[in-house]
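Colleague: Here it is, the structure, as structure tokens.
Protein chains: 4
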Amino acid sequence: MPRIGMEPVRRKALIDAAIAAIGARGSLDVTMSEIAGIAGVSPALAHHYFGAKDDLLQATMRHLLSEFGRDGRDALAGAKTPRDRISAIIAISFSQTQFQPETIAAWLAFYVEAQRSPAMRRLLKVYARRLNSNLMSGLGPLMERSRAERVAEGVAAMIDGLYIRRALKEGAPNAASAIALVENYVETMLAAGDAAP
Amino acid sequence: MPRIGMEPVRRKALIDAAIAAIGARGSLDVTMSEIAGIAGVSPALAHHYFGAKDDLLQATMRHLLSEFGRDGRDALAGAKTPRDRISAIIAISFSQTQFQPETIAAWLAFYVEAQRSPAMRRLLKVYARRLNSNLMSGLGPLMERSRAERVAEGVAAMIDGLYIRRALKEGAPNAASAIALVENYVETMLAAGDAAP
Amino acid sequence: MPRIGMEPVRRKALIDAAIAAIGARGSLDVTMSEIAGIAGVSPALAHHYFGAKDDLLQATMRHLLSEFGRDGRDALAGAKTPRDRISAIIAISFSQTQFQPETIAAWLAFYVEAQRSPAMRRLLKVYARRLNSNLMSGLGPLMERSRAERVAEGVAAMIDGLYIRRALKEGAPNAASAIALVENYVETMLAAGDAAP
Amino acid sequence: MPRIGMEPVRRKALIDAAIAAIGARGSLDVTMSEIAGIAGVSPALAHHYFGAKDDLLQATMRHLLSEFGRDGRDALAGAKTPRDRISAIIAISFSQTQFQPETIAAWLAFYVEAQRSPAMRRLLKVYARRLNSNLMSGLGPLMERSRAERVAEGVAAMIDGLYIRRALKEGAPNAASAIALVENYVETMLAAGDAAP
DNA sequence: AATGAATGAGCCTTCATTCAT
DNA sequence: AATGAATGAAGGCTCATTCAT
């Protein structure tokens, strides 16, 4: 029973299905049929709305990115001090929306794909730049610029590292300990402000 | 002209070819023909020696692992103090053997595969445990046990994060700055020894 | 805004679009969406008016045929002598309306289709018969019947051959030289009237 | 039971199957499965030996071309006088090898494809050039050069036209009457040598 | 009158894998 | 020891066609 105005509904459903499928498989090695099946539509329809598989995958990545961006903006909005901003960024990186097995797997898969696909790499760079600028908005006022840059890089690396290492753990992701680790890094770096680079 | 004792030669050649192929593709999405072609043999021979593709891939991973292990032992052998041990571990993580586009891509690909394949996950855990115990052999004597554990986790995450983020950078990997970042983390943690957390 | 009496307009537009699409592609291998797109309507509408794709194609062929017939009648109307009739038929075969890349491609494509589809073959036979009778109306009075038949067949073959061979030439079709070749054939046959075969 | 040295056998079988399939369908619109099926192998094998469908089709065309070339050389070898050469060329154009429903259909289909595919067009031009030079080797000595050129073009057009018009006839191709028609054209042109262009 | 929504069927192509030699 | 031959299975994608609105 075709109703009108289904396009946005289907697009959303297919992107969600893609995330679910990628999460379940743990890689981008999912079939269009699989994704379409999860979304409850035929593979042909997925092609109808997204063209090729790559396009759907990129749209999925873009969706993850925009969610991450929205979460970031929301978190930053409630943060008063620069220090608060840092914590807010760290917190949302491991929030329940982001730090979930499915989403983690999807991010990881996209990282791999980025090595091959320039389009994916471009998208991932957007994420990296955004994370960096968010972190710098907190770290900048608290220490010398070049040092802030380095700490931001360290925080970002640690976050991504914790994401990737989730693959090795059993059970549900432990966001709290991940957050504590990064916070401790930041805290120590702030405390050692007088000292070295 | 079949010669005797070719098995080890072929196995080595095929594993090297697998690393090369994975490195070039940037993912495990390589064909047996591709690998065999690089090794200069027929795909049938690859099956003859390794059974299935997954077996070859696991053997490849195991090879990477043992190389990493050997590098680690070598590095540790020359380190006198605990502090030296830490630096040695960090150094070899970014050594020219390890921190190369091809090897990085392979590691990353295996991380992804680990999410699906228990066998791969097991192998990757071996790596994680080994890295951890190596780090602990340096950090243990220098700070309280539980804190050392956490710092080791932080170092490991940072290393893996720097690996993964290589995918976003252009040009050759910059090992020096990566090492500096991790060393600085360790240094600051050691300096803040009296304090938290 | 549905208007009444749109049917003939749409049918005409779709048939023109089909010719354009076939001409552009150089074969009948065009999609309904393509044709509908050129006509500025939805593929569903094309089905609504024509049933199946084959029906639209046949209608297109019929349109070409009726155009050819009309051109022929017009040309014959102005021809006084039998000899004039022959020249008129040859001329319209290579007139600007007929001897155009698009139309040529369409004719050729239909010839191929005729091998498979009896309906198409029937239509094409109508064309052949019409061309033959037109030619005979000129050749008949000028030579013995059986010889006229053969010359008509030769002229028809030459015309179709020149059409098909257009596919091999670059640039715009050269109608003049094509006409000259056929006219020369006719002329020589008329001159050799007394002789063979 | 795989034996060695099958490649040439399979290639031949697949090309023959392609001709058969195209002949049966009357167009290039045949599937790889169909062709492979006729050849008695799997579709995968067809791809194994020919790469893509287009490559198999081109190889098929090239085969037809080389057969035509071989037939032409053979025919020309036995012709003593220029006049004999002309007749020989005409004869082989309608020989039992060439003027068969299947081969005719294949030629026609390739003509259509040539409008789209530059590679096919190139191949077809080879055929046209060869036919032209063959004809000129007979017509050249018998009349003025520019006139010979035109007669050669006329003969070629008539031959191709008779091929295409086969699609309209029922029953087996009538080679004899086709040959007679072309021969008569040549004869008349030769007889009218003194006269017009 | 017209279309967006949706799909089944089918095709090309790739690839891991097997087997006889 | 090594490979050419061969295929089954599966995936991406296209397209004519239908249907409710």
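Residue numbers (this note's numbering), protein chains in the order written: chain A, 1 to 197; chain B, 1 to 197; chain C, 1 to 197; chain D, 1 to 197.
Glycine included, each C-beta is placed from N, C-alpha and C at the ideal position.
With DSSP as the reference, label residue 102/B as helix, strand or coil.
Modeller: Within the second sequence, numbered from 1, the residue matching residue 102/B stands at position 102. Residue state, collapsed to three classes: helix.
Colleague: Are residue 175/D and residue 94/D touching if we call contact CB-CB under 8 Å?
Modeller: Taking the fourth sequence and counting its residues from 1, one reaches residue 175/D at position 175. Taking the fourth sequence and counting its residues from 1, one reaches residue 94/D at position 94. Yes, the Cβ-Cβ distance between residue 175/D and residue 94/D is below 8 Å.
Colleague: With a 10 Å radius around its C-beta and 16 neighbouring C-beta atoms as the bar for buried, classify residue 9/B as buried or exposed.
Modeller: In the second sequence, counting from the first residue as 1, residue 9/B sits at position 9. Residue 9/B should be labelled exposed.
Colleague: CA-CA distance, residue 198/D and residue 171/C?
Modeller: Because chain D spans 1 through 197 in this model, residue 198/D falls outside it and cannot be assessed.
Colleague: Ignoring anything shorter than 4 residues, give me the alpha helix (DSSP H) runs that lie fully in the segment 73-98 of chain A, in order along the chain.
Modeller: Listed in chain order, the complete alpha helix (DSSP H) runs (minimum 4 residues) inside the segment 73-98 of chain A are 82-93.
Colleague: Please classify residue 75/A as buried or exposed, where buried requires at least 16 other C-beta atoms within 10 Å of its C-beta.
Modeller: Position 75 of the first sequence holds residue 75/A. Under this definition residue 75/A is a buried residue.
Colleague: Grouping DSSP H, G and I as helix and E and B as strand, with all else coil, what is residue 58/A?
Modeller: Counting from one through the first sequence, the residue named residue 58/A turns up at place 58. Helix, per DSSP.
Colleague: Applying a beta-carbon distance threshold of less than 7 Å, which residues of chain A neighbour residue 105/B?
Modeller: Looking up residue 105/B in the second sequence gives position 105. Neighbours of residue 105/B on chain A, chain order: 115.
Colleague: According to DSSP, simplified to helix, strand and coil, what is residue 220/C?
Modeller: Outside the displayed span of chain C (1 to 197) sits residue 220/C, for which this structure offers no information.
Colleague: What residue from 144/A, 41/A, 135/A has the CA that sits closest to residue 183/A's CA?
Modeller: Residue 183/A sits at position 183 when you count from the first residue of the first sequence. When each option's Cα is compared against that of residue 183/A, the closest is 135/A.
Colleague: For a test of the three-state rule: what should DSSP assign to residue 162/B, helix, strand or coil?
Modeller: The residue labelled residue 162/B in the question sits at position 162 within the second sequence. DSSP places residue 162/B in helix when its eight states are reduced to three.
Colleague: Looking at residue 56/C and residue 46/C, is the spacing between their C-beta atoms short of 8 Å?
Modeller: The count along the third sequence starts at 1 and reaches residue 46/C at position 46. The count along the third sequence starts at 1 and reaches residue 56/C at position 56. Yes, Cβ-Cβ distance for residue 46/C and residue 56/C is below 8 Å.
Colleague: With 8 Å as the threshold, decide whether the Cβ of residue 35/A is near any Cβ in chain B.
Modeller: The residue you call residue 35/A lines up with position 35 of the first sequence. No, residue 35/A does not count as interfacial toward chain B.
Colleague: Have a look at residue 26/A and residue 102/A and give me their C-alpha separation to the nearest angstrom.
Modeller: Walking along the first sequence from the start, residue 26/A turns up at place 26. Walking along the first sequence from the start, residue 102/A turns up at place 102. If I take the Cα positions, the gap works out to 8 Å.
Colleague: Which stretch, first to last residue, makes up the alpha helix (DSSP H) that contains residue 25/C?
Modeller: Here the question's residue 25/C lines up with position 25 in the third sequence. Where residue 25/C is concerned, the enclosing alpha helix (DSSP H) stretches over 6-25.
Colleague: Ignore the nearest five residues each way along the sequence and tell me which others in residue 69/B's own chain have a CB closer than 7 Å to its CB.
Modeller: By one-based count along the second sequence, residue 69/B stands at place 69. The answer, listed in chain order, is 130.
Colleague: Could you check which residue in 117/D, 141/D, 111/D, 54/D has the C-alpha nearest to that of residue 86/D?
Modeller: The residue labelled residue 86/D in the question sits at position 86 within the fourth sequence. The candidate whose alpha carbon is nearest that of residue 86/D is 141/D.
Colleague: Against chain D, does residue 53/C count as a neighbour if the rule is that its beta carbon must be under 8 Å from one of theirs?
Modeller: Reading the third sequence from its first residue, position 53 is the one you call residue 53/C. No, no contact with chain D.
Colleague: Between the alpha carbons of residue 144/D and residue 83/C, how many angstroms are there, rounded?
Modeller: What you label residue 144/D is simply residue 144 of the fourth sequence in a count that begins at 1. What you label residue 83/C is simply residue 83 of the third sequence in a count that begins at 1. Roughly 28 Å separates the two Cα atoms.
Colleague: In the structure shown, what three-state DSSP assignment does residue 170/C receive?
Modeller: By 1-based counting over the third sequence, the position of residue 170/C is 170. Residue 170/C falls in the coil class under three-state DSSP.
Colleague: Pick helix, strand or coil for residue 112/D, following the three-state DSSP scheme.
Modeller: Residue numbering aside, residue 112/D sits at position 112 when the fourth sequence is read from its first letter. DSSP places residue 112/D in helix when its eight states are reduced to three.
Colleague: Beta-carbon of residue 27/C versus every beta-carbon of chain D: anything under 8 Å?
Modeller: Here residue 27/C is taken as the residue at index 27 of the third sequence, counted from 1. It does: the Cβ of residue 27/C has a partner Cβ on chain D nearer than 8 Å.
Colleague: If distances are taken between C-alpha atoms only, which option among 161/D, 40/D, 28/D comes closest to residue 112/D?
Modeller: Start at 1 with the first residue of the fourth sequence, and residue 112/D comes out as number 112. For residue 112/D, the nearest C-alpha among the options comes from 28/D.
Colleague: So, under 8 Å CB-CB, residue 98/D and residue 90/D are touching, yes? Tell me the CB distance rounded to an integer number of Å.
Modeller: On the fourth sequence, residue 98/D is found 98 positions in, with the first residue counted as 1. On the fourth sequence, residue 90/D is found 90 positions in, with the first residue counted as 1. Actually they do not touch by this definition, with Cβ atoms about 11 Å apart.
Colleague: Tell me the rounded alpha-carbon separation between residue 155/B and residue 185/B.
Modeller: As a position in the second sequence, residue 155/B is number 155, starting the count at 1. As a position in the second sequence, residue 185/B is number 185, starting the count at 1. Looking at the two C-alpha atoms, the distance is approximately 8 Å.
Colleague: Among 166/D, 114/D, 37/D, 188/D, which residue has its Cα nearest to the Cα of residue 20/D?
Modeller: In the fourth sequence, counting from the first residue as 1, residue 20/D sits at position 20. Minimum Cα distance to residue 20/D is reached at 37/D.
Colleague: Inspect the beta-carbon positions of residue 189/A and residue 158/B and report whether they are closer than 8 Å.
Modeller: Translated into the one-based positions of the first sequence, residue 189/A becomes position 189. Translated into the one-based positions of the second sequence, residue 158/B becomes position 158. Contact flag unset, no.
Colleague: What did DSSP end up calling residue 37/B once you bin it into helix, strand or coil?
Modeller: For this step, residue 37/B is matched to residue 37 along the second sequence. DSSP places residue 37/B in helix when its eight states are reduced to three.
Colleague: In chain order, what residues of the same chain have a beta carbon less than 6 Å from the beta carbon of residue 14/A, not counting five sequence neighbours either side?
Modeller: Here residue 14/A refers to the residue found at position 14 when the first sequence is read from its first residue. Hits under 6 Å: 39, 46.
Colleague: Let me know if residue 4/A comes out buried or exposed under the rule of 16 or more other beta-carbons within 10 Å of its beta-carbon.
Modeller: To locate residue 4/A, count along the first sequence from 1; it is residue 4. Burial call: exposed.
Colleague: Which value, in whole angstroms, describes the spacing of the CA atoms of residue 33/B and residue 43/B?
Modeller: On the second sequence, position 33 is the one that residue 33/B refers to. On the second sequence, position 43 is the one that residue 43/B refers to. Near 5 Å, if we compare the C-alpha coordinates of residue 43/B and residue 33/B.
Colleague: Quick one: which chain B residues come within Cβ less than 9 Å of residue 167/A?
Modeller: The residue you call residue 167/A lines up with position 167 of the first sequence. Within 9 Å Cβ-Cβ: 111, 112, 114, 115, 121, 124.
Colleague: To the nearest angstrom, how far is the alpha carbon of residue 125/A from that of residue 168/B?
Modeller: As a working mapping, residue 125/A is identified with position 125 in the first sequence. As a working mapping, residue 168/B is identified with position 168 in the second sequence. Each residue's alpha carbon lies about 6 Å from the other.
Colleague: Nearest CA to the CA of residue 162/B: which residue from 104/B, 121/B, 128/B, 18/B?
Modeller: One-based indexing of the second sequence puts residue 162/B at position 162. Measuring from the Cα of residue 162/B, the nearest candidate turns out to be 104/B.
Colleague: The alpha helix (DSSP H) with residue 188/A in it runs from where to where?
Modeller: Position 188 of the first sequence, counted from the first residue, corresponds to residue 188/A. Run containing residue 188/A: 175-191, per the alpha helix (DSSP H) assignment.
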